[in-house]
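Which chain is which? The protein sequence lines are B and U, in order. Residue numbers for the first sequence follow the working numbering, so the first one is 111 and each next one is one higher. Residue numbers for the second sequence follow the working numbering, so the first one is 111 and each next one is one higher. For each residue, glycine too, the CB sits at the ideal point set by N, CA and C.
There are 2 protein chains.
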Amino acid sequence: MPSSTFFNLPIDKQKKIIDAAQLEFSNHPYSEVSINKIIKNAEISRGSFYVYFADKYDLLDYLLSQFKNRIKNEVKRFSQEVNQQFKPLIILIHQHIFNLFKNEDNKKFLFNVIGYFQTHSEEEVLRQKDKLNFFNDHLELFNLIDVTQFKFNDKTKINKTIDISLAILKHVLYLTVTNNYNYQKSNSLLEEYLNILQYGYMEEQNA
Amino acid sequence: MPSSTFFNLPIDKQKKIIDAAQLEFSNHPYSEVSINKIIKNAEISRGSFYVYFADKYDLLDYLLSQFKNRIKNEVKRFSQEVNQQFKPLIILIHQHIFNLFKNEDNKKFLFNVIGYFQTHSEEEVLRQKDKLNFFNDHLELFNLIDVTQFKFNDKTKINKTIDISLAILKHVLYLTVTNNYNYQKSNSLLEEYLNILQYGYMEEQNA
DNA sequence: ATTGACAATTGACACCTTGTCATATACAAT
DNA sequence: ATTGTATATGACAAGGTGTCAATTGTCAAT
Chain B
111 MPSSTFFNLP
121 IDKQKKIIDA
131 AQLEFSNHPY
141 SEVSINKIIK
151 NAEISRGSFY
161 VYFADKYDLL
171 DYLLSQFKNR
181 IKNEVKRFSQ
191 EVNQQFKPLI
201 ILIHQHIFNL
211 FKNEDNKKFL
221 FNVIGYFQTH
231 SEEEVLRQKD
241 KLNFFNDHLE
251 LFNLIDVTQF
261 KFNDKTKINK
271 TIDISLAILK
281 HVLYLTVTNN
291 YNYQKSNSLL
301 EEYLNILQYG
311 YMEEQNA
Chain U
111 MPSSTFFNLP
121 IDKQKKIIDA
131 AQLEFSNHPY
141 SEVSINKIIK
151 NAEISRGSFY
161 VYFADKYDLL
171 DYLLSQFKNR
181 IKNEVKRFSQ
191 EVNQQFKPLI
201 ILIHQHIFNL
211 FKNEDNKKFL
221 FNVIGYFQTH
231 SEEEVLRQKD
241 KLNFFNDHLE
251 LFNLIDVTQF
261 KFNDKTKINK
271 TIDISLAILK
281 HVLYLTVTNN
291 YNYQKSNSLL
301 EEYLNILQYG
311 YMEEQNA
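Structure below.
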C-alpha cells in the first residue's frame, strides 16, 4: 500500500507517477523495472518515491489492485447481461479480457494477470498471496451466478467448479498469449474446455 | 543452455556450482538471486560464471530442466503402477510432488513449479514459453494413460481433459503451499476437484 | 505579515548489482 | 621448448537500490 502521503498528493501528480510506472512495468520484466526510470519520467525525486512506496513491489501491488477493481466492477455488469448464467459469464469475462489485449499498453501489462512460473522464496509467496488469488478470491463469482443451474447445490462444490473454470480461463489466456491466437480461436478453445467440465469426461454410473 | 565449457568441467565442479545455485534460488526470489553469492559459494570467478552461463536466467533454465526430467521419468513409473488409470495417476503425481515438499530445500525450490503471477514483458514471456509449459507439454501424459476410460475417444478432447487436470493440480498445489495444508487436506481437495471434472457440474440432456 | 509547526521534497551517499575484457594460466601436441 | 587452444581471473564501467540530514512548501494561528 502506498503511504498516505501519496494519497494526499494532487490527483494529477498521482496520475503522472502511476502512468510512468505503468509504462515501465509494461516494457520490462519485474526484475528489470527500474525505479530510476520511473522517477525520471514522473519527475519526482528518489527520496519522494520512497516516501510514497515502500519498494518496487509495493508499487506493483498498487497497480494490480487498481486493475483488479476495474475488472471486478465490470464483471458485476456482465453477470446481469447474461442473467446470472454461469458458462456465458465466464465466456463474457474472457471476451472482455481479450479486448483489453487489443490495447498495446494493456496487453503488455496484462501478462501479470495471466501469470506463470517464477522463482520465489517462501516469504515472497506469502507476501504475494493476495495478488495471486486475483482470479479466484477477488472476483467473488458465487454471488453473481444463478446456482440452480448446477446439478449439486452444495456451496463448496459450486465454488470448486468456479475455481476450475477460472483455472481454465487462465490456461486459455496463457495459450492465447504465447501462441498469439485470435479471438475466434481463443474463444472456441475456452468453450471446448468448459464443455468438458460441464458434462465430465466419464459416463455417470447408474448402478 | 550452459556452454560446452561448463559440460567439459569435472562433474564435481559442475555439481558444486549447481548446488550453490540451487541454494541461492531456494532462498531468494528470482529478482534477488545474486550471482555474486553463487560464485562465492561455488568458489569460481565472476568471469568463469559468464563463460558457463549466459546470465541468471540461463542458469535457472538449466536447473528447471534437470528438475523436469526427474519428474518426467518418475511419472512414467507411476503410470505403470496404476495401470494407466487417469485419475489415480494424477493423484499419484500429486502425492509425489507433495513428498518432495517435505525436503526443505526442494520445498523452496518447488515454488518455481507451482508458479504464479509476475510481471514480464512480451519478449520475456516468449522466452519463457518452454519453461511455462512444464506441466502441460513436458509430462506428455497422453501416451501414459489408458484412453478407453474416457467417454469420448477424440484425442484432442482427451488432451484437453489432461490440461484441465493439470491446471487443477497446479491450483491445489498453490493452495497447499499458501495455506500450509497437510497431505490429507491437500489430497482430499484434489479429489473433490477431480470428481467434479469427472462427471461434470450439469446433468446431461437426454432429449 | 509573521511565526511556527508540520508535511513534503531533495539529492548525495554507501553499498550493492551485473556483464565485459584484457590478461594470465594450464596443459596437450608438436 | 614452443605453439596453440581451452580455461580462469578480477578490476572495471555502468547502473541499481534504499537512506537520511538538510531544505523547501504550506497553512493555521497569531
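Below 7 Å CB to CB, which residues in the same chain sit around residue i once its five sequence neighbours on both sides are set aside?
i: Y303 (chain B); result: I278 and V282
i: K186 (chain U); result: L254
i: L169 (chain B); result: A131 and F163
Using C-beta distances below 8 Å, list every residue in its chain close to residue i, excluding the 5 sequence neighbours before and after it, in chain order.
i: Q308 (chain U); result: K197
i: E191 (chain U); result: L202
i: D256 (chain U); result: N193, Q194, Q195 and F196
i: N297 (chain B); result: I201, H204, Q205 and F208
i: H138 (chain U); result: S144
i: K166 (chain U); result: Y140, V143 and I145
i: Q124 (chain U); result: F116 and F117
Please tell me whether residue i has its Cβ less than 8 Å away from any Cβ of chain B.
i: I274 (chain U); result: yes
i: K186 (chain U); result: no
i: T115 (chain U); result: no
i: K267 (chain U); result: yes
i: K212 (chain U); result: no
i: K123 (chain U); result: no
i: K126 (chain U); result: no
Mind checking which residues open and close the alpha helix (DSSP H) that includes residue i?
i: V185 (chain B); result: K166 to E191
i: V161 (chain B); result: R156 to Y162
i: T271 (chain U); result: K265 to N289
i: T115 (chain U); result: S114 to N118
i: D256 (chain U); result: No alpha helix (DSSP H) holds D256 (chain U); DSSP gives it neither H nor E.
i: N305 (chain B); result: Y293 to Y309
i: K125 (chain B); result: I121 to N137
i: F208 (chain B); result: F196 to L210
i: K147 (chain U); result: I145 to A152
What residues in its chain sit with their C-beta under 6 Å from that of residue i, if we drop five residues either side in the sequence?
i: F116 (chain B); result: Y162
i: E134 (chain U); result: V143, K147 and I148
i: L299 (chain B); result: V282
i: K126 (chain U); result: A152
i: T271 (chain B); result: none
i: T286 (chain B); result: S296
Residue i CB to nearest chain U CB: under 8 Å?
i: A105 (chain B); result: Residue 105 (chain B) lies beyond the stretch modelled for chain B, which goes from 111 to 317, so this question has no answer here.
i: T286 (chain B); result: no
i: H328 (chain B); result: Since the first and last residues shown for chain B are 111 and 317, residue 328 (chain B) lies out of range.
i: K182 (chain B); result: no
i: K178 (chain B); result: no
Regarding residue i and the ligand NAD, is the C-beta to nearest heavy atom distance less than 7 Å?
i: E302 (chain B); result: No copy of the ligand NAD occurs in the structure displayed, which carries no ligand at all.
Which residues, taken in chain order from the segment 289-316 of chain U, show a beta carbon closer than 7 Å to some beta carbon of chain B?
Listed by position along the chain: E302, Y303, I306, L307, Q308, Y309, G310, Y311, M312, E313 and E314.
Given a limit of 9 Å on CB to CB distance, which residues of the segment 131-161 of chain U reach chain B?
F135, S136, N137, H138, P139, Y140, S141, E142 and V143
Selection of the segment 247-264 of chain B by Cβ proximity to chain U, strictly under 8 Å
Correct list: Q259, F260, K261 and F262.
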